[in-house]
Amino acid sequence: MSRGFVKEDDQEEAPFIPPRAALPDGVANHVTPRGLQLLLDERTTLETERAAATGSDDERRRQHAELDGRLALLNERIVTAHVVEPLPGKAAEVRFGNTVTFEHTVGRLKGKQLTFTIVGVDEANIKEGRIAFTAPLARALIGKRKGGVAELRLGAELQKLKVLAIA
Numbered sequence: 725m726s727r728g729f730v731k732e733d734d735q736e737e738a739p740f741i742p743p744r745a746a747l748p749d750g751v752a753n754h755v756t757p758r759g760l761q762l763l764l765d766e767r768t769t770l771e772t773e774r775a776a777a778t779g780s781d782d783e784r785r786r787q788h789a790e791l792d793g794r795l796a797l798l799n800e801r802i803v804t805a806h807v808v809e810p811l812p813g814k815a816a817e818v819r820f821g822n823t824v825t826f827e828h829t830v831g832r833l834k835g836k837q838l839t840f841t842i843v844g845v846d847e848a849n850i851k852e853g854r855i856a857f858t859a860p861l862a863r864a865l866i867g868k869r870k871g872g873v874a875e876l877r878l879g880a881e882l883q884k885l886k887v888l889a890i891a
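Per the numbering used here, the very first residue in the sequence shown carries number 725; after that it's consecutive.
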């Protein structure tokens, strides 16, 4: 049929599916056991929402298209997830899954102490004190021992972070 006989209103716009947190090329999708469970719970929630879609046929089709897109991205993360179990005993150095407390020793934040847990990109939530292992702060701290100093450049300022505790 010629495009001249198709109403513009019949053209359905593809739904916008927000991308998941980025993983750098070639970097494994490390997750904590908690992180994997959160991904699985999210999948269950999306599947439940899809099954409960209501409204007209068009509304349901749009809801399904959006949920299917989100599920596809989520399933890709689940399939590629590499669960990193916490090591038993006390941690000798900062690693994935550890909670680290550090203090700024120079700069405008001098004396400020912060505590973060290093987790996978999908589990990261700064308000909950969880940072992604791909974050510059996490990369600076990983491998440091208690008492060690990590350097992190923030713009023109060089930050020095002294590791106070590793859990």
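Every residue gets a Cβ at the ideal spot worked out from N, C-alpha and C, and that includes glycine.
By the neighbour-count criterion, in which a residue is buried when 16 or more other Cβ atoms sit within 10 angstroms of its Cβ, D765 is exposed. For R832, no beta strand (DSSP E) segment is defined, and its DSSP state is neither H nor E.
Inter-segment contact for the stretch 801-819 and the stretch 854-873 is present: three or more beta-carbon pairs are separated by less than 8 Å. The Cβ atoms of V873 and T829 sit closer than 8 Å to each other. For L770, same chain residues with a beta-carbon under 8 Å away, outside a window of 5 residues either side, are L791, R794, L795, L798 in chain order.
Per DSSP, A746 lies in no beta strand (DSSP E) and is assigned neither H nor E. Between K834 and I842, the alpha-carbon positions lie close to 22 Å from each other. The Cβ atoms of V845 and A856 sit closer than 8 Å to each other. Under the three-state reduction of DSSP output, N822 falls in the coil class, being neither helix nor strand.
Distance from the CA atom of K851 to the CA atom of G813, rounded to whole angstroms, is 27 Å. Within a 10 Å sphere around the beta-carbon of Q837 sit fewer than 16 other beta-carbons, which makes this residue exposed. Taking C-beta atoms as the reference points, A880 and A745 fail to come closer than 8 Å. Secondary structure of E790 (DSSP, three-state): helix.
Spanning the alpha carbons of H754 and L811 requires a straight line of approximately 15 Å.
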